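Heads up: the sequence shown is residues 100 to 250, going by the numbering used here.
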Amino acid sequence: MKRTTFKRTIWTNEQITFLRNNYRSMTNAEIAEKLGKTRRAVTEKARVLGIKKIRRIVTSSRIAFYEDGPGTKLELEGRLKMQNFYDLDVKVGDKVKIEISGYWREKKIRTGKVVFKNDYHITIQEKNYKESFLGAQFYTGDVKLINHKRQ
């Protein structure tokens, strides 16, 4: 069996500077072509450097811009509601008080500390009890943030 070896090239300071300055405004393919690298190399280097693309914010004016297809409009409204979860100003270590409700359970209030948060879910720990909530639960109203104290 023949083994494939990959040629690793060293990134110059000029290439890194170009990547930092243009990563948010150009596609990875365009940057790769300009620098003579692969798209994968550009993606990996940006990840190592901690550079991220700017998240596109969906607004009501953008929803009106799209065609009036039932699926398209519904999808964009969902993304707009999901933006509320992204904008939730909660960091790991903050104390929060949330209200949990829904057709599957009684209304409960939980107070605890945020132990994990990313773009899709948040985990809250109260003494020896941990519970994770999806962002979708926040925009459907099943989970509401009542109180929030920054640590």
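We treat Cβ as the ideally placed atom computed from N, Cα and C, and that holds for glycine. Please read these numbers as outputs of a predicted model, since none were measured by experiment.
Sequence-distant residues of the same chain with beta carbon closer than 7 Å to Arg123, five excluded per side:
Lys152, Ile153
Where do the ends of the beta strand (DSSP E) carrying Leu233 lie?
228 to 233
Pick helix, strand or coil for Ile115, following the three-state DSSP scheme.
helix
Given a cut-off of 8 Å on the beta-carbon distance, is the pair Lys259 and Ile208 in contact?
Nothing can be reported for residue 259, as the shown portion of the chain is limited to 100 through 250.
Can you list, in chain order, the residues of its chain with a C-beta nearer than 8 Å to that of Thr137? Leave out the 5 residues immediately preceding and following it.
Ala131
Between the alpha carbons of Phe184 and Leu134, how many angstroms are there, rounded?
37 Å
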